[in-house]
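Each residue of the sequence shown is one higher than the last, beginning at 728 in the numbering used here. Glycine included, C-beta positions come from ideal geometry on N, C-alpha and C. Read the structure below first, then the notes.
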Amino acid sequence: MRDTTEWYRSFGEVEVRGQSAIYEEWALSIAEDSKLIGVIERLPLQKRQPNLIFAVSRLLGAPEGGYPAFREWLLANWSAVADEAMVRMTQTNEPRRCASLLPALALLPGPLALLEVGASAGLCLYPDRYSYHYDGREPLHPLTGPSSVVLDCATTGPVPIPLTLPEIVWRAGIDLRPLDVHSAEDMLWLETLVWPEQEERRLRLLAAIGIAREDPPLLVEGDATTALAELTKEAPADATLVVVASGVLVYLAFDERMRFVDTVRALDTDWISLEGVGGLPSVGAALPDGDVPGGRFVLALNERPLAYTGPHGQSLDWL
Ligand SMILES: C[S@@+](CC[C@H](N)C(=O)[O-])C[C@H]1O[C@@H](n2cnc3c(N)ncnc32)[C@H](O)[C@@H]1O
728 MRDTTEWYRS
738 FGEVEVRGQS
748 AIYEEWALSI
758 AEDSKLIGVI
768 ERLPLQKRQP
778 NLIFAVSRLL
788 GAPEGGYPAF
798 REWLLANWSA
808 VADEAMVRMT
818 QTNEPRRCAS
828 LLPALALLPG
838 PLALLEVGAS
848 AGLCLYPDRY
858 SYHYDGREPL
868 HPLTGPSSVV
878 LDCATTGPVP
888 IPLTLPEIVW
898 RAGIDLRPLD
908 VHSAEDMLWL
918 ETLVWPEQEE
928 RRLRLLAAIG
938 IAREDPPLLV
948 EGDATTALAE
958 LTKEAPADAT
968 LVVVASGVLV
978 YLAFDERMRF
988 VDTVRALDTD
998 WISLEGVGGL
1008 PSVGAALPDG
1018 DVPGGRFVLA
1028 LNERPLAYTG
1038 PHGQSLDWL
């Protein structure tokens, strides 16, 4: 069972360090605060997740500042935070992950039909509608011209960056709880999941929501494994169907994750995973030897690792 103190410490030291000073202070302070750890441990394991507790607290009005004021607020409002955490999941939808997905999508013959499991609001289903800026290279734009969403990505290695964006003729997603881009409540939750101080990321999210609103994706409520085969039947036969799993498999218990892998393998599709380094045993086993800096994701096509990436699409190190 995951140790709560260690979870908060590693969230502070690995995930948010350098990205959100407020979350770093909250997480590291909680890791030293046995009273708060005891309170948090009244929740079931999955619900103790630092990112969930912090986002729910901010949604309910926690002060976004130093730890003493946050601690006081959290203790005073714990029962509301606990109730809200029980009905929510972290559903962070990060369009910048398309900067990681794009080179893998470009390896497949188009046109493409995209099916994302764990799609949240579906913002990663629009890789053809965003502009890309890989290092100092010429920006890459949709056919219609520069997008209001510009994804910056730092690269190393021979990343096969395409000259044009893929043609996507069908896009669909599955989620246990799809978020609706037209629902103000759903979008407030997505916005709150962006860490404090990340103004650029928040603005990018809002711009991507605007793009999705113009042409909302088909999102089906269901489980990644059990709903997958049925939805693939709706994809057009004359397009390359590609299943995408990005930042979702970590939410599946190990045996569920293995069932998901078996299900995708049984389908006649390509599949791209963008998951934490320990997310998929077959991908992990194919990685080169050597230390991987904490918090990295691995981009893989049909379980063959292609690159390490920043967890939010900010970097791409081709293998
Ligand atoms: C962290 S979000 C990632 C969203 C998106 N893939 C991205 O990369 O921006 C994970 C999503 O997976 C969904 N999810 C978790 N477990 C799931 C399951 N068993 N089946 C379908 N969706 C699931 C959650 O509801 C959430 O919306």
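Cβ shell of residue i (< 6 Å), same chain only, five flanking positions each side left out
i       : result
GLY739  : GLU751, ALA754 and LEU755
LEU945  : ALA899
LEU829  : PRO854
ALA1013 : PRO1032
PRO905  : LEU946 and GLU948
SER747  : TRP922, PRO923 and GLU924
TYR735  : ALA754, ILE757, ALA758 and PRO777
CYS880  : ALA826, TYR861 and LEU1043
ALA935  : PRO822, LEU850 and VAL876
TYR978  : none
PRO943  : VAL908
ILE764  : THR731 and THR732
Proximal residues to residue i (C-beta, below 7 Å), its chain only, five neighbours per side dropped
i       : result
LEU835  : THR967, VAL969 and ASP997
GLU791  : ILE749, ARG785 and PRO923
TYR794  : GLU752, TRP753 and SER756
ILE901  : VAL844, ALA846, VAL947, GLY949, ALA951, ALA954, LEU955 and LEU958
GLU983  : THR952
GLY837  : PRO893, GLU894 and THR967
PHE797  : TRP753, ALA789 and PRO790
ARG856  : PRO869, SER874 and ILE938
VAL1010 : SER1000, VAL1025, ALA1027, GLU1030 and PRO1032
VAL1019 : VAL1004 and TYR1035
LYS774  : ALA812 and MET813
Distance between beta carbons of residue j and residue i, contact taken as under 8 Å
i       : j       : result
LEU839  : PRO893  : 5 Å
ARG940  : VAL908  : 5 Å
GLY937  : SER874  : The pair is not a contact, with the Cβ atoms about 10 Å apart (cut-off 8 Å).
LEU741  : GLY1021 : Reading the sequence as shown, one finds Val at residue 741 and not Leu. So it is a contact: roughly 4 Å between Cβ atoms.
ARG929  : GLU918  : 6 Å
ALA812  : LEU779  : 6 Å
LEU1043 : THR1036 : 5 Å
ALA962  : TRP897  : 6 Å
ALA1027 : LEU920  : Not a contact, Cβ separation roughly 25 Å.
GLU1030 : LEU994  : Contact doesn't hold; Cβ gap of about 13 Å is too wide.
PHE1024 : PRO1015 : No, PHE1024 and PRO1015 are not in contact; Cβ-Cβ is about 16 Å, not under 8 Å.
LEU787  : ALA807  : 6 Å
Residues bridged to residue i (per DSSP)
i       : result
LEU1060 : The chain is shown from 728 up to 1046; residue 1060 falls before or after that span and cannot be answered.
PRO1032 : ALA1027
ASP997  : VAL969
GLY1060 : Since the first and last residues shown for the chain are 728 and 1046, residue 1060 lies out of range.
THR883  : ASP1044
GLY900  : GLU843 and LEU946
HIS860  : ASP879
ILE895  : LEU839
LEU867  : TYR859
Beta-carbon contacts of residue i that lie in its chain and below 8 Å, excluding the five residues immediately before and after
i      : result
GLU926 : none
ARG864 : ILE888
VAL743 : TYR750, GLU751, ALA754 and TRP922
LEU878 : PRO822, ARG823, CYS825, ALA826, TYR857, SER858, TYR859, HIS860, ARG931 and GLY1040
THR817 : GLN776, ASN778, LEU779, ALA782 and LEU920
ASP760 : ARG798
ALA833 : PRO887, ILE888, PRO889 and PRO893
THR891 : LEU867 and LEU870
Original post:
Does the count of Cβ pairs from the region 820–830 and the region 839–855 closer than 8 Å reach three?
Top reply: Counting Cβ pairs under 8 Å, three or more are found: they touch.
Exercise. Counting Cβ pairs, one atom from each stretch, are 3 or more of them under 8 Å apart for the region 729–749 and the region 759–770?
Worked result: Touching, yes.
- Does the region 971–978 come close enough to the region 1000–1007 that 3 or more CB-CB pairs lie under 8 Å? Yes, they touch.
Quiz item: Are the region 795–808 and the region 859–874 touching, with three or more C-beta to C-beta distances below 8 Å?
Solution: Using a Cβ-Cβ distance cut-off of 8 Å, the region 795–808 and the region 859–874 are not in contact, since fewer than three pairs of beta carbons, one from each stretch, lie closer than that value.
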